[in-house]
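Chains as they are written, first to last, in the numbering used here: chain P, 111 to 622; chain V, 70 to 239.
Put into structure tokens, the structure is as follows:
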């Protein structure tokens, strides 16, 4: 019953209610405007909400997260430009529907289905997280270490063009995270004699640089593209059509939650897998897939919103982020003095239930804002990039400066923005960098704990890994990622006729 | 996954730079505590720096072996003038922010970049910048209470004066 009270806190406090609503509203538009991404918005917002209390700050960020995942589908349908990576699959059938003049109907059904998916994801989060958290208490330091490595490798291998580049990016992030005084021995690491580096590099500066500045700079390539106008008919879908797709949406929501809950995999992969699933189980679609099948719209939209709840499970119970956005959310929790991990549920259960409540509330607001205000929406999406890009850059600078009131952070942000820009241009993914920065401390601490508890012997550490079932599974997964990149495996897979994993992640506006 | 990917302009130089950077970082990581013990503060830094050296080395090797170039040109496709100019604008903003203050620097930055990106239209650029800056200021300075350097604008006095105007009747 106590949990219910915490769950309802954001619902009953008018200020928090308003902040969730404002966040969701902003998220829908941020997600929808190509060139703005949820990762960008949340990382910049950390800077701004730095001085706030933790509750209101969380309300705003949860709202933006939820709204942003949904918002990406709008532009995917209307313009064939996924506003977020998780909306890539939505464009495949959403845009053909819009071309047929059914944009309103497509938006309506995707909104309601996103709501259904989001609800299922949150329900699973509320039910599963306490159990996962209990289970996580039995984890050894080496398990956390393996989980962190696994998370980075998964993000690196699934989202990039090559695992090697993913590893490089992840290792770079881990290294950035170690700069400064060692938290255990106060020895200097990578400070090169500069006292300014003792405190480390502000990870917010890194985030804003990588996701704000570099993205804005990359958008300069398409500064002259203009949006296509669409006429929009009726939006609110009929009850019959909702009921028709409900069975499919339940299946794809489960896919979404499970994929979202795996460390390292987020909404984009969930959406693609759900789309694939819908294609297989739908025997006689009214319209073929790829030409405007509503099933092809329902599946990814339920899955990517269900993945939000799923992604919060490892994030809150293990402290391991599922993708770049959850990595940034963890960063936000750190900033506010919270320590996501198995102890969170024990020390601060109110925080867990509060976040779950805010998510549920954001889901409802998403439904409301999704079904209204379409006219305003088309106006905002048509905002010229010549104005949008300078504004993003301005907000990035303000956000980076605001955290420590230090101009040095702005220079770091700019440096990482330029680095990120080049990395993007040459096919590196930026998601693993952020994951690395966030997981650096966790990996460092747990590695050292693990090796100390085994008296500094690598042999007994490995022995421990091979004898514990959990460590063994995790280790096997890490090894599997490497094996799957070898030529032998690829040849075998081609022979078996399995489809290649992943998809086109180079869509414009994809933040991760 | 794309083994047959062609190399873009400047890619070897960038990957080479990353490789050299990784080597430097590996040396710096070794300098932290050497091979003292597996749980020393330098252990993880050395491991990740080694991972960077190996991965960037492999990337570079792949580049050098794969001599086929795509049709990109560095200054047209990778680093077009617009990107350089905007990078310089942001750097300029960072330099001017503290001495000049948030409001004038931001106005200058927004107006200049909009003029540059739109190639003209000074009146439009100034109007849009002013409106945008006003919005940013209200939302972030007043709602989010973010403190920005005041610089040459007596911001606190102006805010106080506005406060007196509205609350002055009492």
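Backbone N, C-alpha and C fix where the C-beta goes; we use that ideal spot for every residue, glycine too.
Within its own chain, the residues whose Cβ lies closer than 7 Å to the Cβ of residue 147 of chain V, once the five positions on either side in sequence are excluded, are 77, 78, 79, 141, listed in chain order. The beta-carbon of residue 187 of chain V is placed less than 8 Å from the nearest beta-carbon of chain P. For residue 76 of chain V, DSSP records a beta bridge to V/138.
Residue pairing from DSSP places residue 299 of chain P in a beta bridge opposite P/290.
The beta carbons of residue 406 of chain P and residue 235 of chain P sit no closer together than 8 Å. With 16 or more other Cβ atoms inside 10 Å of its own Cβ, residue 196 of chain P counts as buried.
Within the segment 170-228 of chain P, the runs of alpha helix (DSSP H) at least 4 residues long that lie entirely inside it are, in chain order, 198-209. Annotation: Cβ neighbours of residue 149 of chain V in chain P (cutoff 8 Å, chain order): 330, 331.
At a cut-off of 8 Å between beta-carbon atoms, residue 435 of chain P makes no contact with chain V. For residue 210 of chain V, the closest of P/395, P/529, P/512 by C-alpha to C-alpha distance is P/512. At least one CB atom of chain V sits nearer than 8 Å to the CB of residue 558 of chain P. Against chain P, the CB of residue 216 of chain V has a partner CB under 8 Å away; the residue lies at that interface. For residue 554 of chain P, the residues of chain V that pass the 7 Å Cβ criterion are 113, in the order they occur in the chain. Distances from the alpha-carbon of residue 210 of chain P to those of P/454, P/402, P/575 put P/402 closest. Against residue 168 of chain V, chain P offers no close residue; the least beta-carbon distance is about 10 Å (beta-carbon pairs closer than 9 Å). Taking residue 284 of chain P as the centre and dropping the five residues before and after it, the same chain places the C-beta of 546, 550 closer than 6 Å to its C-beta, in chain order.
In terms of beta-carbon proximity, residue 224 of chain V stays away from the interface with chain P, with every pair separated by 8 Å or more. The straight-line gap separating the alpha-carbon atoms of residue 169 of chain V and residue 321 of chain P is approximately 27 Å. Our two residues, residue 459 of chain P and residue 157 of chain V, have alpha carbons roughly 47 Å apart in a direct line. CA-CA distance, residue 462 of chain P to residue 226 of chain V, rounds to 43 Å.
Taking the Cα of residue 171 of chain V as reference, the smallest distance to any Cα among P/216, P/517, P/591 is reached at P/517.
Taking residue 436 of chain P as reference, the option from P/175, P/598, P/133 with the minimal CA-CA separation is P/175.
A direct Cα-to-Cα measurement between residue 195 of chain V and residue 145 of chain V gives close to 29 Å. Going by C-alpha positions, residue 543 of chain P is about 13 Å away from residue 324 of chain P.
Residue environment for residue 353 of chain P: exposed (fewer than 16 other C-beta atoms within 10 angstroms of its C-beta).
Cβ-Cβ separation between residue 515 of chain P and residue 216 of chain V: approximately 6 Å, consistent with a contact (criterion under 8 Å). Closest by C-alpha distance to residue 493 of chain P, out of P/127, P/114, P/126, P/139, is P/139. Taking 8 Å as the cut-off, the beta carbon of residue 575 of chain P is found closer than this to the beta carbon of residue 585 of chain P.
Going by C-alpha positions, residue 390 of chain P is about 31 Å away from residue 469 of chain P. Secondary structure of residue 494 of chain P (DSSP, three-state): coil. With a 10 Å radius around the Cβ and a threshold of 16 neighbouring Cβ atoms, residue 96 of chain V comes out exposed.
Taking every protein chain shown into account, the CB of residue 457 of chain P has fewer than 16 other CB atoms within 10 angstroms, so this residue is exposed. CA-to-CA, the gap between residue 315 of chain P and residue 244 of chain P works out to about 34 Å. For residue 144 of chain V, not one C-beta of chain P is nearer than 8 Å to its own C-beta. Counted as a single uninterrupted DSSP element, the stretch harbouring residue 453 of chain P is not any alpha helix (DSSP H), since DSSP gives it neither H nor E. With contacts defined as CB atoms closer than 8 Å, residue 440 of chain P and residue 425 of chain P qualify as a contacting pair.
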